[in-house]
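Report on the structure given below.
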Amino acid sequence: MKVTAHDGNQAMAGNFTRTFNAPGEVKPASPAIVPVLSSFDLFPTRIWQASLTALSPHLKGWIKDVLDLRAASPQPAGRTNRQGWNSADMTILEQAGFAPLAEAICSGGAAALGEMGLGDVPFRLQSWINLHDRGGFNFLHLHQGCLLSGCFYLSVPAGSGKLVFRDPRPGVLHGRVTGSVPNGYSDIHLAPTAGLLVLFPSWLEHFVEPHDNDEPRISLSFNAVTA
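In this text, residue positions in the sequence shown follow the working numbering: the first is 315, and each later residue adds one.
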């Protein structure tokens, strides 16, 4: 049934038409349309890991070297480290004793930069010690202006704080969806182990959770920067 009416209100003048079903008349339902979706995961962020088990025999000696460095210069450099110690020296990997680790990091860094399309860019390493006493942590930060960042874990006792990568998409913070689902907000928690090498883009925000052990958590952090 079709009804046509005229509205006499001058402010809303005009004709309108609306169709109704007659009593007992059933309007045919539209056939269900189930779209076949193609999914595309956009804006990937790649990190890299490697267990450098071949360097395990060096760990004990390197830990001793780190503790000796701390004893010689006990004042921490500060930066993002709290309740622990980090070296003011940013050339740790240039020391002769760390040469095998420097070689491995340079090799891994070159491979990662190659995947990023920067395989022909010469680089050098900035490197420093990051040590946490009980309760120690690193607050949220990034490594601005570098080609690549990373860390190598020397000592990871029980209760060591995890390395947490912040979701780099600013818009997702305002969304309703959380968790490891498509378009959900979720930080990534990495539980380190001794001998683990981790590489990540320098612009990726990250922090370290508080350390819960009297034995220190020790890592060697580094940046690949343009040579």
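No residue lacks a Cβ here, since even glycine has one placed at the ideal position from N, Cα and C.
Quantities reported herein were computed from a predicted structural model and do not represent experimental measurements.
- Of all alpha-carbon atoms in 494, 507 and 500, the one lying nearest the alpha-carbon of residue 520 is that of 500.
- Using a C-beta cut-off of 8 Å, the region 468 to 487 makes contact with the region 369 to 379, since at least three inter-stretch Cβ pairs fall below that distance.
- In the structure shown, residue 353 adopts coil according to DSSP, grouped into three states.
- Here residue 487 is exposed, its C-beta having fewer than 16 other C-beta atoms within 10 Å.
- Beta-bridge analysis with DSSP links residue 405 to 441.
- The region 360 to 371 makes contact with the region 508 to 526: 3 or more CB pairs, one atom from each, lie closer than 8 Å.
- With a cutoff of 9 Å on beta-carbon distance, residue 463 and residue 402 are scored as not near each other.
- Shown here for residue 455: same chain residues with a beta carbon closer than 6 Å to its own, the five before and five after excluded, namely 394 in chain order.
- Put simply, of 425, 350, 441 and 442 the residue whose alpha carbon is nearest the alpha carbon of residue 435 is 425.
- Apart from sequence neighbours up to five positions away, the residues of its chain that approach residue 492 with a beta-carbon distance below 6 Å are 498 and 499, ordered along the chain.
- In this structure, DSSP gives residue 420 a helical state, which the three-state scheme calls helix.
- Between residue 359 and residue 482, the C-beta gap is smaller than 9 Å, which places the two residues in contact.
- Annotated as distal: residue 451 and residue 384, with beta-carbon spacing of 9 Å or more.
- Inter-residue distance for residue 422 and residue 367 is about 14 Å (C-alpha atoms, whole angstroms).
- A direct Cα-to-Cα measurement between residue 431 and residue 347 gives close to 43 Å.
- For residue 372, there is no enclosing beta strand (DSSP E); the enclosing alpha helix (DSSP H) has its first and last residue at 370 to 386.
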